[in-house]
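**Q** Just so it is clear: in the sequence shown, position 8 is 349 by this note's numbering, and no numbers are missing. Just so it is clear, CB atoms sit at the ideal spot from N, CA and C, and this is done for glycine as well. Given the structure is predicted, the values throughout are model-derived calculations rather than measurements.
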Amino acid sequence: MATKRSHKVPSHFFPKDHKASLEEFRDLCSQQVTTEHRCPMASAVTSNIPTYDLPSRFLTPESLNTLQDEWNLILLSGPGVFVVKKLYKDLGLIDRVNEIYTSLIASEKVGSSGRSGDYFSSAGLNSRIWNSLFIHCLADSEAFAQYYSNPWLAVRFYVQNHCAS
């Protein structure tokens, strides 16, 4: 049986009748981030940027949810950036994934020679991989699974959390 949550996710769109306000922008940029009030799970805040040192204590379902909620708040209405230390224990995995993406970018460049740019910029100015998660998974499914199964970044799909099997 499917269940519905009463938690409402705030809209990420600005209302059409909302006028940009320099004062609101200043207020947003000048807010002080403190670990006690906005980022209680952060290990430190430096220059208004929260830093998280990820020990295993964040791996309980409750603490993981709280941590991810805090990160969401930081991105949604806080400084918009945070630092994470010890996100991956195996730094070789990071190197492996970087090599995969570097190779994919190089092959995209070879395959797109002579094409004009897209709506982001002129040809050759940026590197991007369309549908990168799918392409990464096809290129090296083992590295993909290891990289994206990181417990702190775990993606929880609606079907898994809200629908009965």
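List the residues that DSSP assigns as beta-bridge partners of K426.
**A** K426 is bridged to D394.
**Q** Please state the DSSP three-state secondary structure of A385.
**A** The answer is strand: DSSP assigns A385 an E or B state.
**Q** When burial is assigned at 16 or more other CB atoms within 10 Å of the CB, is L400 buried or exposed?
**A** Answer is exposed; the Cβ neighbour count stays below 16.
**Q** Which whole-angstrom value describes the C-beta separation of G469 and G419, a residue pair presumed to lie in contact below a C-beta threshold of 8 Å?
**A** Before going further, note that residue 469 is Arg rather than Gly in the sequence given. That belief does not hold up - the Cβ atoms of R469 and G419 are roughly 27 Å apart, past 8 Å.
**Q** Would you kindly work out how many angstroms separate the C-alpha atoms of S384 and Q409, rounded to a whole number?
**A** Spanning the two alpha carbons is a distance of roughly 15 Å.
**Q** With a threshold of 8 Å between beta-carbons, can H378 be considered close to chain D, or not?
**A** The chain labelled as chain D is not found in the depicted structure, where only one protein chain is given.
**Q** In whole angstroms, give me the CA-to-CA distance for Y429 and V422.
**A** Cα to Cα, Y429 sits roughly 18 Å from V422.
**Q** Write down the C-beta distance between T392 and K426 rounded to the nearest angstrom, noting that I regard them as a contact closer than 8 Å.
**A** Contact holds; Cβ gap of about 7 Å.
**Q** What are the start and end residues of the alpha helix (DSSP H) that includes H477?
**A** Taken as a continuous stretch (DSSP letters only), the alpha helix (DSSP H) holding H477 covers S473 to A480.
**Q** Suppose the cutoff is 8 Å on Cβ atoms and the five residues either side in sequence are ignored; what does the same chain contact list for N439 look like?
**A** Taken in chain order, the list of residues that qualify is empty.
**Q** Whole angstroms is fine: what's the gap from R437's alpha carbon to D481's?
**A** Whole-angstrom Cα-Cα distance: 10 Å.
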